[in-house]
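In our numbering, the protein residues as written are -16 to 62. From the three backbone atoms N, C-alpha and C, an ideal C-beta is built for every residue, glycine too. Accompanying notes for the structure given below.
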Amino acid sequence: AKETKELEILDNPSVQFTAPATAGLLLPFIMNPNKRRDRVVKLRVKMRMAEEGLDEKTNWQRYYQLIQEEERRFDDRFK
């Protein structure tokens, strides 16, 4: 649930340099676009792997495919 809340903030292009008070610990991610991208991609890939019931060690090809998809998705959203 904590990661879902985190994604709600970090994966929202409208949350830029002014963040809700609840952002607190997420501020470093919000202020640093590269960190933010890495974190969002990491969380979303983790979520999607879990949804698909996959493990990053045994399904590493899918894992890297998802990373690429999520990086593209993030870049499109945060142009």
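- Here L49 is buried: its Cβ has 16 or more other Cβ atoms, across all protein chains shown, within 10 Å.
- In this structure, R20 keeps its C-beta atom at 8 Å or more from the C-beta atom of I13.
- For V24, the uninterrupted alpha helix (DSSP H) run begins and ends at P16 to E34, by DSSP.
- One alpha carbon belongs to Q51, the other to F61, and they sit about 15 Å apart.
- In the same chain as L37, and ignoring 5 residues on each side of it, the C-beta atoms closer than 8 Å to its own belong to R45 and Y46, in chain order.
- By the neighbour-count criterion, in which 16 or more other beta carbons inside 10 Å mark a residue as buried, L(-7) falls on the buried side.
- For L37, the secondary structure class from DSSP, reduced to helix, strand or coil, is coil.
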